[in-house]
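S.K.: Here you go, one structure.
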Amino acid sequence: LPHNDIAAQICRQAGLVDRSLSGEPPKAGHEAHKSEGGDQFAIVFAAMGVNMETAHFFKQDFEENGSLERTVLFLNLANDPTIERIITPRIALTTAEYLAYDCGYHVLVILTDMSSYADALREVSAAREEVPGRRGYPGYMYTDLATIYERAGRIEGRKGSITQLPILTMPNDDITHPIPDLTGYITEGQIYIERQLHNRQVYPPINVLPSLSRLMKSAIGEGMTR
């Protein structure tokens with residue numbers, strides 16, 4: 013499935029919405045770095061457990077379209093130590109918190125692939141001989157994932173904000189697998205990429221029906237949608 017292509021496209025097109033210009037699309041590319049109101053925008057991109065080809069794809073794509081100028085890039089390769097995969101999303105979020113709450117940036121954090129992170133968590137748990145939970149994953153995986161997914165939003169009195177977009181692959185396309193299942197409980201929503209649509213050359217292959225957001229009602233309405 014084209015998770016990497018979609019993630020790269022989001023980095024190319026992401027930007028701030030200038031609400032002073034009604035009906036105008038969000039700023040993208042170089043224009044997104046600074047909006048008319050002076051708000052600053054940045055991206056923190058963390059890839060975990062990727063091979064050399066994927067790492068080269070991300071870096072080359074960001075360099076060619078200019079988005080690397082506003083992106084902090086963390087690349088954890090598949091042959092890197094497992095413990096580095098576990099700390100990568102936390103380092104990325106710490107960087108985002110500094111940019112958002114100390115420097116006043118509006119930060120988009122993209123984490124891919126959280127399934128690789130969860131597999132690393134299972135590997136470390138097995139090495140420590142901890143009691144396994146569902147499918148061998150540690151029983152505390154829900155809490156562990158929550159410590160990552162909940163590091164988003166705004167802080168009163170600070171100008172910046174953090175928007176988090178974690179990406180994960182479903183083993184055997186099973187949405188009941190512990191990783192997507194627990195993620196859905198924490199994030200209260202998901203965008204579902206379907207293999208059947210991808211095989212029919214639909215891009216992006218988003219299946220709207222299983223996609224959901226329980227917080228959507230708080231972010232729609234006049235001035236919030238276009």
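Okay, so the sequence shown: first residue is 13 according to my numbering, each after it adds one.
Ideal Cβ placement from N, Cα and C applies to all residues, glycine included.
Which class does G50 belong to by DSSP, given the choice of helix, strand or coil?
M.R.: Summary for G50: the model assigns pLDDT 42, below 50, so the residue's position carries little reliability; its value from the coordinates is reported in the next sentence. Coil at G50, not helix or strand.
S.K.: At what residues does the alpha helix (DSSP H) containing T240 begin and finish?
M.R.: An answer regarding residue 240 cannot be provided, because it is not within the stretch 13 to 238 covered by the chain.
S.K.: Looking at L85: is its Cβ nearer than 8 Å to the Cβ of L120?
M.R.: Contact flag unset, no.
S.K.: At which residue ranges does the segment 101 to 143 contain complete alpha helix (DSSP H) runs of 4 or more residues, listed in the order of the chain?
M.R.: Complete alpha helix (DSSP H) runs here, min 4: 126 to 139.
S.K.: What span of residues does the beta strand (DSSP E) with L13 cover, start to end?
M.R.: Note, L13: premise wrong, no beta strand (DSSP E); not H, not E.
S.K.: Work out the CA separation of N63 and N16 for me, nearest whole Å.
M.R.: Spanning the two alpha carbons is a distance of roughly 12 Å.
S.K.: Would Y149 and Q52 qualify as a contact pair, given that the criterion is a beta-carbon distance under 8 Å?
M.R.: No, these two residues do not count as a Cβ contact at 8 Å.
S.K.: For the putative contact between L13 and R212, defined by C-beta atoms under 8 Å, what is the C-beta separation to the nearest angstrom?
M.R.: About 13 Å; that fails the 8 Å criterion.
S.K.: Hey, quick one: how far does the beta strand (DSSP E) through T181 stretch, first residue to last?
M.R.: Run containing T181: none; DSSP gives neither H nor E here.
S.K.: Take I203 and list the residues in its own chain whose beta-carbon comes closer than 8 Å to its own, dropping the five residues that flank it on each side.
M.R.: Around I203: I218, S223.
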